[in-house]
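Chains as they are written, first to last, in the numbering used here: chain A, 19 to 129; chain B, 19 to 132.
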C-alpha cells in the first residue's frame with residue numbers, strides 16, 4: 019500500500035463542472051502539497067496546507083488531519099485546468115523538504 | 019526573482035555512460051531537492067542538499083549522487099547508465115514557510131538512455 023493514494027486516477031469533466039480529487043495518506047505529516055503538472059513536465063505548486071482550508075481563485079484545498087485525508091476542488095472547471103494533479107506529503111519526522119507523492123490524477127476538461 | 023533553472027533540458031545517452039545534470043535554485047534558497055519521474059514509478063525523491071550538505075537521501079542505488087556548491091547550485095550525477103534511468107529529472111528549490119517547505123520546481127531534464 020502506497021503511503022499516499024489519490025483518487026480517481028483519471029477524470030473527465032465538461033466545462034463548468036465542479037471537480038473533486040481526493041488524497042489519503044498513511045503517515046503522520048507536517049504539510050500536504052497539491053501540485054499541478056502540465057504536458058511537457060513543468061510542476062507548479064498550488065497549495066501547501068497543514069490544517070483547514072485554503073482557496074485560490076477557483077481552486078479550494080481542504081485537509082482533515084484526524085482522517086488523514088485531503089481534497090482538491092475546482093469550481094467552474096475550464097479546459098485550461100486539464101493537467102495532472104499530484105498530492106504530496108512531507109513526513110512529520112523528516113528534517114528537510116523531502117516529499118512523498120501520490121500517483122497523480124489526470125484531469126481532462128472538455129469544452 | 020528568476021525561477022529554478024535546469025540544464026540541459028534534454029539529453030540522450032547510451033547505456034554505460036554517465037551523465038551530469040545541473041540545477042540553479044531561486045536566489046536565496048539554500049535547499050535543493052532532486053526527483054525522478056517515470057511512467058511506472060511516478061515521482062520519487064532522490065536526495066536533498068542544504069548548505070552544501072546532503073540532508074536526505076531516497077532509496078536509489080549508489081550510481082546516483084549529487085552535490086551542492088557554495089552558491090547553492092546543485093548537480094546530480096548518474097554513472098553507468100541503465101535503460102531504466104530514462105526519466106524526467108526535476109529539481110526543486112525550497113524555502114521554509116512553516117509548517118513545511120514551499121517548493122519551486124524547475125522545468126526538468128528529460129534523459130533518454132538507449
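In this text, a Cβ means the ideal position worked out from N, Cα and C, and glycines have one as well.
- Nearest neighbour of residue 20(A) by Cα position, chosen from 122(A), 82(A), 129(A), 126(A), turns out to be 122(A).
- The C-alpha of residue 38(A) is placed about 6 Å away from the C-alpha of residue 90(A).
- Beta-bridge pairing by DSSP links residue 107(A) to 50(A), 118(A).
- Counted as a single uninterrupted DSSP element, the beta strand (DSSP E) harbouring residue 30(A) occupies residues 28–32.
- For residue 85(B), the secondary structure class from DSSP, reduced to helix, strand or coil, is strand.
- A direct Cα-to-Cα measurement between residue 125(A) and residue 97(A) gives close to 9 Å.
- For residue 62(A) and residue 99(A), the gap between their C-alpha atoms comes out near 13 Å.
- Taking C-beta atoms as the reference points, residue 110(B) and residue 124(B) count as a pair closer than 8 Å.
- Beta bridge pairing from DSSP links residue 121(B) with 112(B).
- Collapsing the DSSP output to three states places residue 128(B) in a strand.
- Not a single unbroken stretch of the alpha helix (DSSP H) spanning 4 or more residues falls wholly within the stretch 25–111 of chain B.
- Beta-bridge partners of residue 71(A) (DSSP): 80(A).
- Taking CB atoms only, residue 81(B) has no neighbour in chain A less than 8 Å away.
- Shown in chain order are the members of the stretch 100–117 of chain A whose Cβ falls below 8 Å from a Cβ of chain B: 104, 106, 108, 112, 113, 114, 115, 116, 117.
- For residue 38(A), the enclosing beta strand (DSSP E) has its first and last residue at 37–43.
- Per DSSP, the unbroken beta strand (DSSP E) holding residue 127(A) starts and ends at 123–128.
- Contact between the stretch 94–103 of chain B and the stretch 33–49 of chain B is established, with three or more Cβ pairs separated by less than 8 Å.
- With respect to the 8 Å criterion, residue 65(B) and residue 72(B) are classified as neighbours on the basis of their beta carbons.
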